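The structure appears below as structure tokens.
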Amino acid sequence: MTIRNLEGFFSPTSIAVLGPSRHAGPVTDRLLECLQSFEPGHAVSLVGIEADVPLAGPRCTSLDDLPQLPDLAIYLGRAEALPKTIEKLGSGGTRAILIPSPGYETWPEDLMQACREAARKFNLRLIGPGTLGIAVPSSGLNALLSAETPSRGDIAFFSRSSAVLNATLSWAKTHNTGFSSVVSLGARIDVDLGDLIDYFAQDYRTRSIVLHLEGIAFPQKFISAARAAARSKPVIVIRSGKSLDTGGSGRTHAGRLATTDLVYETVFRRTGLLRVFDLDEMFEALETLSHIRVQRCDEIAVISNGRSLASLAVDRLQDLGAQFAKLGEETRKQLEPVSRTATENDTRAAAGSVILSESATPDQISSAITTVLKDPSVDGAVVLQAAGAFTPLKSIARAVIDASAADRKRTGRKKALVAALIGSDGTIRAELTAAKIPNYASPAEAARSLMHLAHDAQARAFLMAVPPSLPTSFSPDVARARAIVETALAQHRSWLDPEDVCEVLKAYQLPIMETRMAVTADQAAELSAGFFETFRHCVAKLVSPDLPFKSRIDGVRLGLDHPEAVRAAAQELIENTKRDYPGAAVAGISVQPMLEDRHGMELYLGLAETREFGPVLVFGHGGTSIEESRDIALELPPLDLKLAEAQIDRTRISTLLSGGPSRPALDKDALAQALVKLSQITIDIPEIQELDINPIVSLPSGLIGLDARMTLCHPEKRPGRTGASRLAIAPYPQEWEQTLTLKHNRKVFVRPVRPEDEDLFRTFFEAITPEDLRLRFFAPVRDFSHRFLSRLTQLDYARAIAFTAIDPDSGDLLGVVRLHADPDHQTGEYAVMVRSDLKGAGLGWALMKLIIGYAKVDGIQTIKGEVLKENTSMISMCQALGFTVGTSPDDPGIALVTLTVGDLPADV
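Heads up: the sequence shown begins at 776 in this note's numbering, then just goes up one per residue.
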């Protein structure tokens, strides 16, 4: 659904507990005991509940007896009575209903659907059944049937599992960790993870989000919410249930390789979430990211009072992919009086480590840490200290705390600091925690903790990285490919013939070895004759929709040097198949030239269909053993070149692409482009369900596919502008590219903003006068940094759009208009700007008309904007377009302009 009325759960002004309770035992008493801590002045009413617990609100037998219905109803009554109760509560203004249980509770699906339908009329929100409840410690709201009561803090925690929730709260109590909110989701009758992520991403009390999940009910919404939240707050996720996952389709290699958990791993990486794999690791990530979040943590230093102790941390950091800082000469000089730091030629020294003298005083330890953190090459440091005869751990802890405090006062980029004081007791660790220094009991734990910071920073940097542009020569023949697919579907085929597969790939400029399809052995020999004019050898392959994996049935013949050899091989393949697989249909024999290039490397490209997330792209080591080697990487479409290059780099075989002493470098750029082209196929032709290109041979001069297959489907049609798309991430909306005509018949090309537009925007802003920039951003803007520009150019098309107006002759950016929808997708906030020298040309008016039309198509009901009242030209244009003009409640100098798009005619 949306975030509408979720405040009914997390900031209610009144609560009612509805019975009689369907739960035997002390559930009701426990719940009412918890509710006594609710914020003073907010009454808790009891309806049909007999209890001796003192509560301020009224007690009655029926909802009709309440003077006013509550914001939040906690429903303990009979399950089958809930739909009628929802009708009564919803009509009276109740915004949310919690349906708690002491353990997981299962309701029939038809009953849950009846509850959803009853609630939908009032936008009334439901959590449960099977939920332990919710808690909002800042307001004293505790309706959570948990072993421990969460304390106040800044972490939002959601869990499907009661056991995981209780374990997390017990850990939090022993580590003095607090929460902004805790939610037990239960059966997810309505509110789901996407709703909660969206809500708490905007909650000022929440600094980080932690969630436990088994599956995702609404993938598109979850991904969109997670991508938005992860840019501003750490989002940590732990997934259980890997052992219960089911496999893929099994019809293609891609379907077999794209296992459920690998796909979830891909989703978490793409959205910027930090995945952890067990509770210990989750607690470590919580400990670290709840105290600090840094912009970069690539180069790491290790500070220790023992060489072996440092090596333990360095070894673990290396295993986790860390890089180590090379301290500057000035830093080394300052450390000389207190360190045993080895020279570069001393092999006893662990990489990136500073070994302090055993006799170093607490002040010297503190100064050394501060000195290391000041070094420009250092992004973060692990401090490892064991107690010595001269310096107790309590004094060392104070030194670390002093160094951390001094570093926080330093101007410049924030650095990461993690500590492990080996043998420290709870009191010492509590002092470090109170100083917001993540601290652990062992070098390995500290190393893993620091890498959580590194991976979190890397994920955010990756989300905002600017991708290279595709070659302008890439212009696929979509109509040609679509015609082939539609013809096959009209013939009720679920597989494309090899020749058709080749034609589709050629339409997308994916190089594939020319293939011809024969029905008989004689025809195979005849078709091969033309190949032998150019090539020495040919290959014959059996084609059967029932036997897609040819190498497993001995269905391939290589090295055929004459048409007669092709005839004999084809006849043998047909006869063997009919004998060994009598029920399998034989479509024929495919014939193609044989590639004979010793420098080539066999790789694999594939497209798998997954139940949860739709299409997934697979890349890896190709050949007949692909499913055995499983050297693969997955990615969600749509892809750009940056994502494609990263996908390639996640495989082991990628290290061979750069070449070596005995082999030439291969064309990695062509490989990345091939992945992007494959991604485009999933966008343009959703009827192509799965495909394999195996092998696709990488050569020094490009690529060539040797075998490929495609399965077809009729994709599900859904409402909305991307209704035919199966993608979990909204693709670039190419259908909105158009040419607009301005005054004096001037033409401008308008298209949606793309991530690679950053330089275009930088040049655009440099052509805007300082006064116009102030009117647009409400303050002087001088720094067009990557961070600033990436927020304008990297859009989630599921919830935001921006259109660039481009001069068709020069390619310059002339103006831009954008619209950001709220998570409910009901209201959008607009902004528009045109180049200062183009005022009066009609571009601003044309862009505003365009964004209004887009909002109408996209289902957004209301467009709003804030305009400085001194910007009279913008206010006049808004009035002419039908906006109402009011005053912002937050600033009398700002006008709030509003347009109800839902009331406009369809052809606006």
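Built from N, CA and C at the ideal position, the CB exists for glycine as well. Since the model is a prediction, treat every value here as computed from it, not as a measurement.
Residue pairing by DSSP places Asn1214 opposite Ala1194 in a beta bridge.
Three or more beta-carbon pairs separated by less than 8 Å are not found between the segment 1054–1061 and the segment 1400–1417, which leaves the two stretches without contact.
For the 8 Å CB-CB criterion, Ile1212 and Ile1176 form a contact. Listed as beta-bridge partners of Phe1394 by DSSP are Leu1380, Ala1408.
Only residues of its own chain outside the window of five on either side were considered, and among them Phe933, Leu986, Leu988, Ile991, Phe997 have a CB closer than 7 Å to the CB of Leu968, listed in chain order. Secondary structure at Arg1526: strand, using DSSP grouped into helix, strand and coil. A residue is called buried once 16 or more other Cβ atoms fall within 10 Å of its Cβ, and Phe1394 is buried on that count. Take the alpha-carbon of Asp1482 and the one of Ala1315: they are about 11 Å apart. Proximity to Ile1349 across Asp1336, Thr1295, His1374 peaks at Thr1295, based on C-alpha coordinates. With fewer than 16 other Cβ atoms from the protein chains shown falling within 10 Å of its own Cβ, Leu1019 counts as exposed.
CA-to-CA, the gap between His1600 and Pro1527 works out to about 19 Å. Annotated three-state conformation of Thr1647 is helix, per DSSP. Contact holds between the segment 1523–1539 and the segment 1241–1248, because three or more Cβ pairs, one in each stretch, are under 8 Å apart.
In the structure shown, Trp1270 falls within a strand segment according to DSSP collapsed to helix, strand and coil. Here the C-alpha atom of Glu1261 lies approximately 21 Å from the C-alpha atom of Arg1291. Counting along the chain, the unbroken beta strand (DSSP E) around Phe932 starts and ends at 927–934. With distances taken between CA atoms, Asp929 lies nearest to Arg980 out of Ala962, Arg980, Ile1140, Leu1671. Three or more Cβ pairs closer than 8 Å define a contact, and the segment 1222–1235 falls short of that threshold against the segment 1200–1209. Residue environment for Ser1476: exposed (fewer than 16 other C-beta atoms within 10 angstroms of its C-beta). In terms of Cα proximity to Leu919, the closest of Leu807, Ala976, Gln843 is Leu807. Relative to the Cα of Gln1070, the nearest Cα in the group Leu1048, Ser956, Phe1052, Lys1189 belongs to Lys1189. The beta carbon of Lys1169 is closer than 7 Å to those of Ile1203 in its chain, skipping five residues each way along the sequence. In chain order, Leu857, Pro858, Ile861, Leu901, Ile964 place their CB closer than 7 Å to the CB of Cys890, counting only its own chain and leaving out the 5 sequence neighbours on each side.
Secondary structure note for Arg1484: its beta strand (DSSP E) is the uninterrupted segment 1483–1487.
Burial is judged here by how many other beta carbons sit within 10 angstroms of a residue's own beta carbon; Ser1585 has fewer than 16 and is exposed. A residue is called buried when at least 16 other Cβ atoms come within 10 angstroms of its Cβ; Asp1150 meets this threshold and is buried. Distance between Ser1141 and Asp804, taken at the CA atoms: about 52 Å. Taking C-beta separations shorter than 7 Å and ignoring five residues to either side along the sequence, the partners of Gly1397 in its chain run Glu1377, Leu1378, Tyr1379, Asn1469, Pro1470, Ile1471, following chain order. The DSSP-derived three-state label of Thr1145 is helix. For Ser1079, the enclosing beta strand (DSSP E) starts and ends at 1074–1079. Per DSSP, the continuous beta strand (DSSP E) segment holding Phe954 begins and ends at 954–959.
Of Pro1439, Asp1444, Pro1412, the smallest CA-CA separation from Asp1424 is found for Asp1444. Taking all protein chains in view, the Cβ of Glu884 is surrounded by fewer than 16 other Cβ atoms within 10 Å, so the residue is classified as exposed. For Pro1545, the uninterrupted alpha helix (DSSP H) run begins and ends at 1545–1552, by DSSP.
Per DSSP, reduced to three states, the secondary structure at Asp1666 is coil, with no helix or strand assignment.
Here Lys1008 is buried. Its C-beta has 16 or more other C-beta atoms within 10 Å.
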